[in-house]
Amino acid sequence: MPPSFTRFSATVRPEGAFTVLAMARRLSASGKDVIELEIGDSPFPSPDCAVEAGIQAIRDGRTTYGPSAGLPEFRAAAAAYVNAEHGLSVSAENVVAGPGAKTFEQLFCEAFLEPDDGVLVFSPYFPTYPANIARRGARMVLSSLRAARAFRPDLDDVRRFLQEDPRPKGIFLNSPHNPTGGVTTEEDLQGLADLIRGRDIAVFSDEPYDCMVWDGRHQSLLAQPGMLDQTVAAYTFSKSFSMSGWRLGYAVSSPDTVNVFDLLTNTALSCVPPFTQAAGIAALQDGRQYRDGRMREFHRKVQLLVAGLNAVEGVSCLAPGGTFYVFPSVAAICNRDTITSHGLAMYLLEGADDALGVACLGGECFGEAGGGFLRLSCAQPDDRLTVAVAFLADATTRRDRIAAYLDTHPEYRLATPYATS
Ligand SMILES: Cc1ncc(COP(=O)(O)O)c(C=O)c1O
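Per my numbering, the sequence shown starts with residue 1, numbered consecutively.
This is the structure in structure tokens:
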């Protein structure tokens, strides 16, 4: 008999976007035209300066192990970058390199959480948070983000968590927020800092979309007095510099926390490839103009998608304050046709038409609070976005086809109507 797997492994769920991506690719391979709005990946090439620096570093033989915390020059470049961009005053010793932003979720939990500790998570949430919190046997405590508050965190929930939870220890914050596009304001961050300052509370501040704030500038909790000691902010090259496949990111925190992350990185990954970091340094130093051009493109695409979706019967879409996602409410359509929002997304991909499909995600891929919404990424050419909106408008009027899809997929039948306000 093969050895049994852990109970933990049985609870792990993949990021929904990757599952839908696989299905979209299967349908495409079988000849269907699929407009892929499911995954948050840039359609743009990595900046030339980064590509050249990466290739040169490989040619120069920078293909061996490096320090677990990252190359000193990478850490210094990242510190200079966040100082200039986010008004911080950190140095290389405040920075640790990682393969993207995602692994820092796990390292944060390993660094700060004991079994049964409470961790406040704003819902909907990035789908890999639960597995990383569960890895340490900690408890996820949810606070809903509401459209009526532009999906900003509710500080009353934070206060309640701190007062009432038997073992409050961690908070996962993500701004700009995936999937809703909500942006936590400076006032929110001040309020949050005032609530936790000096307490045994650590914040994982997930900031992959720091360059995608559409009104004003990105604000990091790190900039609030005293918060460097209580916060781990995670950044990535995936979104700002179109470098998701290079797997490069970094976290910023106090030197003590960085030392612990250094150890944890050593035992899990050894290091991030030096040539990847060389590419990252070039992007940080010479790729900002490239970055800003791409960010403007994303913003324009977001506006295009929001305007299109708001013209569709039964759809209502807030303009996101940041990110390249839109998060329209489709609750009216779901309630009318008794289909879940995930079911509606699946219908748009595989059920609505034999030749064309739109791949997007039901909001519940990000937790129950996302039910009644869809998440669409805008990382496609403008004409494809326009076709996708027209397709959605038409497909959601074809009620007989939705009913037929539900007959063959009863698991997508909506049991309780979604709230519509
Ligand atoms: C909120 C959030 N955190 C983390 C990540 C992971 O990013 P990376 O590619 O840098 O690991 C993403 C990517 O979509 C994200 O949206």
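Ideal placement from N, C-alpha and C gives every residue a C-beta, glycine not left out.
In this structure, how does DSSP classify A57 when only helix, strand and coil are distinguished? In the structure shown, A57 adopts helical secondary structure according to DSSP, grouped into three states.
Thinking just about the alpha-carbon of each residue, which of R300, G343, Y235 and P153 is nearest to the one in A97? Y235
Would you report the Cα separation of P2 and F8, rounded to the nearest angstrom? 17 Å
Endpoints, the beta strand (DSSP E) within which V140 is located: It should be pointed out that residue 140 corresponds to Met in this sequence rather than to Val. Segment R139 to S144, the beta strand (DSSP E) holding M140.
Give me the residue from L162, G245 and G362 with the minimum Cα distance to P43. G245
Are S254 and H86 close, meaning C-beta to C-beta below 7 Å? no
Given the structure, does T236 come close to ligand 1, in the sense that its CB is under 6 Å from one of the ligand's heavy atoms? yes
Entirely enclosed beta strand (DSSP E) segments - the stretch 6-36, minimum 3 residues: 33-36
Report the option in S143, P124, G170 and P328 whose CA atom is closest to the CA atom of G118. G170
Spell out the partners DSSP gives V96 in its beta bridges. A251
Per DSSP, what kind of secondary structure is I201 in: helix, strand or coil? coil
Check the Cβ-Cβ distances between D206 and every residue of chain D, and say whether any is below 7 Å. Among the chains in the structure shown there is no chain D, since it carries only a single protein chain.
Identify whether V326 lies in helix, strand or coil by the three-state DSSP scheme. strand
Cα-Cα separation between L406 and N335, rounded to whole angstroms: 13 Å
Hey, would you say the C-beta of P127 is under 6 Å away from at least one heavy atom of ligand 1? no
Please report the residue range of the alpha helix (DSSP H) in which K301 lies. R288 to N310
Once the 5 residues before and after V306 are set aside, which same chain residues still bring their CB inside 6 Å of it? C317, A319 and V326
By how many angstroms is the C-alpha of Q277 removed from the C-alpha of L248? 7 Å
Where S123 and L142 are concerned, what is the direct C-alpha to C-alpha distance, given to the nearest angstrom? Spanning the two alpha carbons is a distance of roughly 6 Å.
Tell me the rounded alpha-carbon separation between I58 and S242. 20 Å
Determine the DSSP secondary structure at F172, reduced to helix, strand or coil. In the three-state DSSP reduction, F172 falls in the strand class (E or B).
Straight-line gap, G287 to R399 (C-alpha atoms, nearest Å): G287 and R399: Cα-Cα distance of roughly 48 Å.
Quick one, which of S377, I201 and P274 has its alpha-carbon nearest T180's? S377
F122 bridges to which residues according to DSSP? S143
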